[in-house]
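Read the structure below first, then the notes.
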Amino acid sequence: MRRVYLDHAATTPVRPEVLDAMVPFFTEKFGNASSIHSFGREARTAVDESRDVVARALGADPAEIIFTSGGTESDNTAIKGVALANRKKGNHIITSAVEHHAVMDSCKSLEQLGFEITFVPVDGTGMVSPDDVRSAMRPDTILISIMHANNEVGTIQPIEEIAKVAREAGVYFHTDAVQSVGNLPVNVEQLGVDLLSLSGHKLYGPKGIGMLYVRKGVKISPYMHGGGQERGRRAGTENVAGIVGLAKAIELAVEEQGEYARRLARLRDMLIRGVMDRIPDVVLTGHPERRLPGNASFCFKFVEGESILLNLDLQGIAGSSGSACTSGSLEPSHVLLAMGLPHEVAHGSLRLTLGRDNTEEDVQYVLDTLPGIIERLRAMSPFGR
Amino acid sequence: MYSQKVMDHFTNPRNVGDIPDADGVGTVGNPICGDVMKLAIKVRGGRIVDAKFKTFGCGAAIATSSMVTEMVKGKTIEEALKISNKAVAEALDGLPANKLHCSNLAADALHKAIEDYRQRKQAESA
Ligand SMILES: Cc1ncc(COP(=O)(O)O)c(C=O)c1O
Ligand code: FES
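Just so you know, the protein sequences line up as chains A and B, in that order. Numbering follows my numbering, with no gaps: position 369 of the first sequence is 363. If you want my numbering, it's the position in the second sequence, counting the first as 1, plus 1.
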């Protein structure tokens, strides 16, 4: 059976070039980067070179790069680290209603410590308005955290404008760029951000490695305490192979970004148009234009997402859904609800996210398969037509 | 995550549809995740001779709906009333823990359909 992976927003395969770069650091170059001897120096050199590569790719200074265990840790560190280090200045944080749980739940955990959080709303396309961020601003605001691109619906936020709002007020600005690096141009100077999170496994690098950019001068407390690695900002023996892999993945992703995004956008548009043409009662979720090049997400009325996913999987197609039945909490996706979709429409959510290996034939296969699945499920639905 | 039986009933659901001249219909919504199931029965001489369902829900909800319609056919009203959500789940070789609530939907819809049938009969004889 044909197998079509359309869940690249969940994770991506490691590129062969990335794996090749990593392998020696599991075996002959296994040293601890903190050791004095030649084994250690070998590892240290690799970490330093990787930091240079990552910094260059993002327009940052190497001293501004902290390696972490992934996007979740980067988000936690950025939010809790800034909050705790700047408590004397204030205890108010602004974020959006559509953030990844790593940001949202970090903010909520701070509420328990007495911080106040404003969740700015989004419009029907999932966009945050810079004006809403400005109106949410208070004298005691210390941090704004708004994601660059949404993982569920792919909407790209007006980061540059929000960064201006933050800068005018002298408030730190963090963005979760986990979904955008490789898909969109990401340069910390152009975006105007003070902190930026990134994860390896979303850009054809390994899982369990990520990075947090922290602009020089930003006051931040470490999240991990211990051996003083990463200049005291993130303790723990460096994941050398992971760091090398991350650097290679970012280097390639940034180098190829324009071409990659163009190719994906073409497939995405073919997929979106095909689905909208062939299937009635479907809503495109997210922004019609300002969306990630690989993101095609929909809600099909009168059917439920998990049953769509199971049927697609039986045909070899891998997707995901924000429906209540697919979530551990049995709540529909907070992103879809924040966009104003009714509960029962959010129920029919399907997210297909394209990547490097997808072809036109893959898209055609989905377009040949999906309409029958939706029709069959609708025939089974008490609301069906 | 799902047993083979669940997948079998999910991919080839039995008894999907409506019964135009049904003797009892039960519609229930799942308060936990918002799914809806509708179950219709046909009764002859105190026995359920036909059952059909329509479900807006997850794989487990569809499979339990299908299974419950199979289980009730040929049963007397009294026997059918004894079918519990647990029995439906067991007949499917079990459900994942976070999907057990979906089997309530099927059993509840059945009980509601029987209640509807009884009320209609009472109304007739009154
Ligand atoms: C927007 C966003 N932020 C953060 C994360 C978490 O990253 P990681 O899986 O590396 O912890 C993800 C991935 O699920 C994501 O999509
Ligand atoms: S019906 Fe929603 S989880 Fe099963």
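Cβ atoms here follow ideal geometry from the backbone N, Cα and C, with glycine treated the same way.
- Using a C-beta to C-beta distance shorter than 8 Å, which residues of chain A count as neighbours of isoleucine 42 of chain B? The premise fails here: isoleucine 42 of chain B is roughly 15 Å from chain A at the closest Cβ pair, so nothing lies under 8 Å.
- Item | 4-residue-minimum alpha helix (DSSP H) runs that sit fully inside the segment 310 to 366 of chain A, ordered along the chain | 328 to 332 and 337 to 340
- Between the beta-carbon of glycine 65 of chain A and the beta-carbon of serine 191 of chain A, is there less than 8 Å? yes
- Straight-line gap, proline 14 of chain B to valine 29 of chain B (C-alpha atoms, nearest Å): In this structure, the alpha-carbon of proline 14 of chain B lies about 19 Å from that of valine 29 of chain B.
- Message: If I follow the unbroken beta strand (DSSP E) through asparagine 289 of chain A, where does it start and stop?
- Response: 289 to 294
- Query: Is the segment 92 to 101 of chain A touching the segment 28 to 38 of chain A, taking contact as three or more C-beta pairs under 8 Å?
  - Reply: As far as the Cβ criterion goes, the segment 92 to 101 of chain A does not touch the segment 28 to 38 of chain A, which means the pair count is below three.
- Item | Closer than 8 Å to chain B by CB, methionine 270 of chain A | no
- Message: Tell me which residue opens and which closes the alpha helix (DSSP H) that glutamate 183 of chain A is part of.
- Response: According to the DSSP assignment, glutamate 183 of chain A belongs to the alpha helix (DSSP H) that extends over 182 to 185.
- Three-pair Cβ contact test at 8 Å for the segment 267 to 282 of chain A versus the segment 363 to 376 of chain A: yes
- Query: With a CB to CB cut of under 6 Å and the five nearest residues on each side skipped, what residues in its chain are close to glycine 334 of chain A?
  - Reply: The beta carbon of glycine 334 of chain A is closer than 6 Å to those of Gly118 in its chain, skipping five residues each way along the sequence.
- Query: Quick one: does the C-beta of leucine 380 of chain A sit closer than 7 Å to a heavy atom of ligand 2?
  - Reply: In the structure as shown, chain A begins at -5 and stops at 379. Residue 380 of chain A is therefore absent and cannot be evaluated.
- Does any heavy atom of ligand 1 sit closer than 7 Å to the C-beta of glycine 204 of chain A? Checking every heavy atom of ligand 1 against the Cβ of glycine 204 of chain A, one is found closer than 7 Å.
- Output yes or no for whether 8 Å exceeds the beta carbon distance between methionine 38 of chain B and alanine 108 of chain B. Going by beta carbons, methionine 38 of chain B and alanine 108 of chain B fall outside the 8 Å limit.
- For a contact meaning CB atoms closer than 8 Å, what does glycine 30 of chain B contact in chain A? By Cβ distance, chain A contributes nothing, its closest Cβ being about 10 Å from glycine 30 of chain B, past 8 Å.
- For phenylalanine 113 of chain A, the three-state DSSP class (helix, strand or coil): strand
- Task: Note down, in chain order, every chain B residue with its Cβ under 7 Å from the Cβ of glycine 322 of chain A.
- Result: Asn99
- Can you name, in chain order, every residue of its own chain whose Cβ lies under 6 Å from the Cβ of serine 44 of chain A, other than the five neighbours on each side? Close CB contacts of serine 44 of chain A within its chain, under the 6 Å cut and outside five residues either way in sequence, are with Ile237, Val238 and Ala241 (chain order).
- Check: glycine 401 of chain A C-beta below 7 Å from any heavy atom of ligand 1: This structure does not reach residue 401 of chain A, given that chain A is present from -5 up to 379, and the question cannot be answered.
- Query: If you measure from the CB of lysine 62 of chain B, is any heavy atom of ligand 2 nearer than 7 Å?
  - Reply: Inspection of the sequence shows that residue 62 of chain B is occupied by alanine rather than by lysine. Checking every heavy atom of ligand 2 against the Cβ of alanine 62 of chain B, one is found closer than 7 Å.
- Message: Please report the distance separating the alpha-carbon of asparagine 99 of chain B from that of tyrosine -1 of chain A.
- Response: 26 Å
- Task: List the DSSP bridge partners of methionine 98 of chain A.
- Result: Partner(s): none; methionine 98 of chain A has no beta bridge.
- Query: Mind pulling the alpha helix (DSSP H) runs of 4 or more residues that sit fully within the segment 89 to 121 of chain B?
  - Reply: none
- CB contact below 8 Å: proline 14 of chain B versus chain A: With its beta carbon less than 8 Å from one in chain A, proline 14 of chain B belongs to the interface.
- Item | Distance between beta carbons of alanine 52 of chain B and lysine 74 of chain B, contact taken as under 8 Å | 6 Å
- Run of the beta strand (DSSP E) containing isoleucine 42 of chain B, from where it starts to where it stops: 37 to 45
- Within the segment 45 to 99 of chain A, ranges of the beta strand (DSSP E) (whole runs, at least 3 residues): 59 to 62 and 86 to 90
- Say whether the segment 54 to 71 of chain A touches the segment 195 to 215 of chain A, bearing in mind that this needs 3 or more beta-carbon pairs closer than 8 Å, one atom from each stretch. yes
- Message: I'd like the span of the beta strand (DSSP E) that includes glycine 202 of chain A, first residue to last.
- Response: Per DSSP, glycine 202 of chain A belongs to no beta strand (DSSP E) and is neither H nor E.
- Task: May I have the straight-line CA-CA distance separating serine 90 of chain A from tyrosine 166 of chain A, to the nearest angstrom?
- Result: 15 Å
- Task: Spell out whether any CB of chain B is found under 8 Å from the CB atom of methionine 374 of chain A.
- Result: yes
- C-alpha gap between arginine 228 of chain A and methionine 218 of chain A, whole angstroms: 5 Å
- Item | Min CB distance phenylalanine 294 of chain A to chain B below 8 Å | Chain B contact via Cβ: absent.
- Message: Do leucine 344 of chain A and isoleucine 302 of chain A have their beta-carbon atoms positioned less than 8 Å apart in this structure?
- Response: yes
- Query: What does a CB cutoff of less than 6 Å around glycine 199 of chain A pick up in its chain, not counting 5 residues either side in sequence?
  - Reply: Residues of the same chain with a CB within less than 6 Å of the CB of glycine 199 of chain A, apart from the 5 flanking positions on each side, are Val12, Gly239, Leu240 and Ala243 in chain order.
- For the segment 325 to 355 of chain A, enumerate the residues whose C-beta is nearer than 7 Å to any C-beta of chain B, in chain order. His337, Glu338 and His341
- Task: Tell me, to the nearest whole angstrom, how far the beta carbon of cysteine 103 of chain B is from that of threonine 70 of chain B; I am working on the premise that it is less than 8 Å.
- Result: About 15 Å separates the beta carbon of cysteine 103 of chain B from that of threonine 70 of chain B, a gap too long to meet the 8 Å contact definition.
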